[in-house]
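Asker: The sequence shown runs 552 to 1138 under this note's numbering. Glycine residues also receive a C-beta, built at the ideal position from the N, C-alpha and C atoms. Nothing here was measured: the structure is a model prediction, and the numbers come from that model.
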Amino acid sequence: MCGIIGCITSDDCAAKSVYEGLLRLEYRGYDSVGISALGGGKIVTVKKSGRVSGLAEYVGGLKGNVAAGHTRWATHGAPSGVNAHPHCEGRFSVVHNGIIENYAELRDELISRGYEFRSETDSEVAVKLIADNFRGDVLAAVAAAAVRLRGSFALVVLCEGFEGFVAVRNRSSLVVGVCEEGIFAASDVPALPESADEITVMEDGDIAVITRSGAQYFDFCLNTVTRRARRVERDGFTADKGGYPHFMLKELNQSARAVEDTVEGFFRSVDLGRLRSLVSGADEIILTGCGTAYNSGLIAARFFGESSARVRVEIASELRYYPPKMSKNTLVIAISQSGETADTVGAVSLFRQTGAQVIAVTNCGYSAITRLANIVVPVCAGAEICVAATKSYFGQLAALYLTANVCADVAFAKSQLRSVALQFSSVLSQTAECECFAGMCAASRAVFFMGRGADYDVAVEASLKLKEVSYIFSDAYPAGELKHGTLALIDGDTLGIFVICQERTAEKCISAVHEVLCRGGKAAIITDMEAEDDSLDGVPVWRIPRVGKMSVFLSAFALQLVAYRTAVKIGRDPDKPRNLAKSVTVE
Ligand code: M6R
């Protein structure tokens, strides 16, 4: 979370390049923003509460060929101008992404040595520690401070008198890109100018010293380290809505393509023999991830139904601290759009240390989990800018479906995915149903999504999406659980949305619909079944195309569309929900 960027340019408009980069990094946090520019030997800083665009009017006045910027997702200290980065001390200005866990103890130590703290952030200790260690050599000061910091940090450090900047990485992503505009270091590739088609991914424990003549890499003990640049696919990184009113809608419209491209990417780039041996050699498979990635794991566990291995799904933030007893051949399948989610990376690191095999299912080929995994199964959804995960979820489902079938008839699995991808457009065209469901959600105090079997897994994702973008209270339950407690919440202001695509339990679900209706609650049904039920007169029914066990793709897609439309109806910004950020790189 938080996006940081630093650059050295050939003109004196580095601040403009930083500003443009911050606009493209805003998905990582958007509660406050700041830029420092270094020109004529002096650092000038502007920072404010609010979104990046709030700095537009100041950028032209920030002259210098070196600059650093930050867009914040608050962890320590409320969103405010004072807590916004950069933080400055003496000749230094620093932007930070991550959490410095030992900040309280460092703060006390620095206060006892006469430093005065202005903000409530953990980050301010970093700049003061660097200033405190400065004896004329910037690199040495940064290294001396870095070894004292515990936690996750990516830093960009500017220093008056040094024509360049220093970047540091420890458990928070940082990439370096060289291009015609200059040399950049940033939290993520989209922040780099379009012409940066080669990047160097910094490793944990790296310090990069970046001057006009290039980047040099060191470890925290100041030994030189070699880092190689790699080509990066920039396709789809455009931070442009392509004519849609929101990124969320644009990305929902790219969901079918995410499935198709993921299928294509799987057969193009995965070593199928290696994947087969990992899957068939496992006696236990643990699927893990957070948020929507975890939700795709719930469905994927059912894809592995034929496997002889024990299959479980674990939330990564729990798994890393409460790991189950491992069997001899544990296979971890880590799912993450960004590949940088701290909890997922933490869980994967733990399992790697204990000898488990790891498959990374990710939309980001240069991310932290790819470096920890034995094999990567790519999700080819293209850049996802909206904070809510949409198309990446469908890409994940496709990648996981192929992985689950890699030891069976994988060619058939491919054809099933291609067929379901063709049906997304039918769901998109059912606008009347979508508007009706969204209208009902918008008029409700709480929305409960219910289903059984895989329909329940879809309900979990639908509920997350609705609450995330609309702020309407929502939860998901297996429909059979309703009578064990949730029914107490049902009244005229609550809505139950039932996903009914599993024939085996369809009738049971219909009974649950009645249980809601007869207590004065509202209900709506999404189903792929044709049969009409007269007893449900007046209950809106959305009939999605019938695609057998692939129904999870279409029901989840329909309900993500409902979440989007609900948010828009009640005036929320679906792309940037309050309090959230896209890449959750802190615990
Ligand atoms: O990048 P990841 O897939 O690891 O992110 C995991 C979650 O933070 C993410 O899915 C989050 O729940 C989304 N905002 C949901 O829409």
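1. I'd like the span of the beta strand (DSSP E) that includes CYS639, first residue to last.
2. Just curious, the alpha helix (DSSP H) that ILE681 is in, first and last residue?
3. Return yes when the Cβ of MET753 is within less than 8 Å of the Cβ of VAL1137, no when it is not.
4. Ignore the nearest five residues each way along the sequence and tell me which others in ASP770's own chain have a CB closer than 6 Å to its CB.
5. Looking at GLN974 and PRO1096, is the spacing between their C-beta atoms short of 8 Å?
6. Please tell me whether, using a cut-off of 7 Å, the distance from the CB of SER1134 to the nearest non-hydrogen atom of the ligand M6R is below it.
7. Which value, in whole angstroms, describes the spacing of the CA atoms of ALA511 and THR672?
8. Please report how far the alpha carbon of GLY840 lies from the alpha carbon of ASN648, in whole angstroms.
9. Quick one, which of GLY728, ASN880 and GLY733 has its alpha-carbon nearest ARG763's?
10. Which stretch, first to last residue, makes up the beta strand (DSSP E) that contains LYS599?
11. Between GLU656 and the ligand M6R, is the CB less than 7 Å from at least one heavy atom?
12. Quick one: grab the DSSP three-state call for ASP894.
13. Curious, which full-length beta strand (DSSP E) runs of at least 3 residues does the region 802-860 contain?
14. Could you say which of ALA1075, GLY557, LYS679 and LYS1034 lies nearest to VAL729 if we only look at CA atoms?
15. As an exercise, report each continuous alpha helix (DSSP H) stretch of at least 4 residues that is fully enclosed by the region 981-1042, in chain order.
16. For SER644, write down the residues that DSSP places opposite it in a beta bridge.
17. Mark THR905 as exposed unless 16 or more other C-beta atoms lie within 10 angstroms of its C-beta, in which case mark it buried.
18. Considering only C-alpha positions, which residue in the set VAL1119, GLU935 and VAL912 is nearest to ASN925?
19. How long is the line joining the alpha carbons of ILE559 and PRO1125, rounded to whole angstroms?
20. In three-state DSSP terms, what is GLU745?
21. In terms of alpha-carbon separation, which member of SER663, TYR581, VAL689 and GLU660 lies closest to HIS636?
22. Cβ atoms of TYR944 and GLU1012: under 8 Å apart, would you say?
23. Which same chain residues end up closer than 6 Å to LEU1068 when comparing Cβ atoms and leaving out the 5 residues on each side of it in sequence?
24. Could you tell me whether the Cβ atoms of GLU811 and GLN888 are closer together than 8 Å?
25. Nearest CA to the CA of ALA1114: which residue from VAL998, LEU829 and THR892?
26. Let me know the secondary structure DSSP gives PHE716 once reduced to three states.
27. Rounded to the nearest angstrom, how far is the Cβ of ASP1084 from that of ILE1061, given a contact under 8 Å?
28. Report the rounded CA-to-CA distance for PHE1024 versus GLU984, giving the unit in angstroms.
29. Is it the case that the Cβ atoms of ASP894 and ARG861 are separated by a distance below 8 Å?
30. Have a look at LEU882 and CYS915 and give me their C-alpha separation to the nearest angstrom.
31. Using a 10 Å radius around the Cβ and a threshold of 16 neighbouring Cβ atoms, would you call LEU823 buried or exposed?
32. Do the region 588-602 and the region 613-620 make contact, defined as three or more Cβ pairs closer than 8 Å?
33. With hydrogens ignored, establish whether the beta-carbon of SER887 is closer than 7 Å to any heavy atom of the ligand M6R.
34. Which same chain residues end up closer than 6 Å to TYR917 when comparing Cβ atoms and leaving out the 5 residues on each side of it in sequence?
35. Is the beta carbon of LEU1131 within less than 7 Å of some heavy atom of the ligand M6R?
36. Note down the Cα distance separating TYR666 from ALA780, rounded to an integer number of angstroms.
Answerer: Here's the rundown:
1. For CYS639, the uninterrupted beta strand (DSSP E) segment begins and ends at 638-640.
2. Secondary structure note for ILE681: its alpha helix (DSSP H) is the uninterrupted segment 675-683.
3. No, Cβ-Cβ distance for VAL1137 and MET753 is not below 8 Å.
4. GLY756 and VAL776, listed in sequence order.
5. Yes, the pair counts as a contact, with Cβ atoms nearer than the cut-off.
6. At least one heavy atom of the ligand M6R sits closer than 7 Å to the Cβ of SER1134.
7. Residue 511 lies beyond the stretch modelled for the chain, which goes from 552 to 1138, so this question has no answer here.
8. One C-alpha to the other measures close to 21 Å.
9. Comparing Cα positions, the closest option is GLY733.
10. According to the DSSP assignment, LYS599 belongs to the beta strand (DSSP E) that extends over 593-600.
11. Outside the cutoff, so no.
12. DSSP places ASP894 in helix when its eight states are reduced to three.
13. 835-840, all fully within the region 802-860.
14. Of ALA1075, GLY557, LYS679 and LYS1034, the residue nearest in Cα terms is GLY557.
15. Fully enclosed alpha helix (DSSP H) runs of no fewer than 4 residues occupy 982-993 and 1005-1021 of the region 981-1042, in order along the chain.
16. According to DSSP, which records beta bridges pairwise, SER644 is partnered with CYS639 and LEU709.
17. Here THR905 is exposed, its C-beta having fewer than 16 other C-beta atoms within 10 Å.
18. Among VAL1119, GLU935 and VAL912, the Cα nearest to that of ASN925 is on VAL912.
19. If you take the alpha carbons of ILE559 and PRO1125, they lie about 34 Å apart.
20. The answer is coil: DSSP assigns GLU745 none of H, G, I, E or B.
21. Cα-wise, what sits closest to HIS636 is TYR581.
22. In contact: GLU1012 and TYR944 (Cβ atoms closer than 8 Å).
23. Counting only Cβ-Cβ distances below 6 Å, and skipping sequence neighbours, we find ALA1074.
24. It is not a contact, given that the beta carbons lie outside the stated cut-off.
25. Taking the Cα of ALA1114 as reference, the smallest distance to any Cα among VAL998, LEU829 and THR892 is reached at VAL998.
26. Residue state, collapsed to three classes: strand.
27. Right, their Cβ atoms sit about 6 Å apart.
28. Taking the straight line joining both Cα atoms gives about 22 Å.
29. No Cβ-Cβ contact shorter than 8 Å links ASP894 with ARG861.
30. Annotation: LEU882 to CYS915 spans about 21 Å, alpha carbon to alpha carbon.
31. Counting Cβ neighbours within 10 Å, LEU823 comes out exposed, since fewer than 16 surround it.
32. Three or more Cβ pairs closer than 8 Å define a contact, and the region 588-602 meets that threshold against the region 613-620.
33. Here the distance from the Cβ of SER887 to the nearest heavy atom of the ligand M6R is below 7 Å.
34. Non-local C-beta neighbours of TYR917 in its own chain, meaning closer than 6 Å and more than five positions away in sequence, comprise VAL752, ordered along the chain.
35. Correct: LEU1131 has its Cβ closer than 7 Å to the ligand M6R.
36. Computed Cα separation, rounded: 40 Å.
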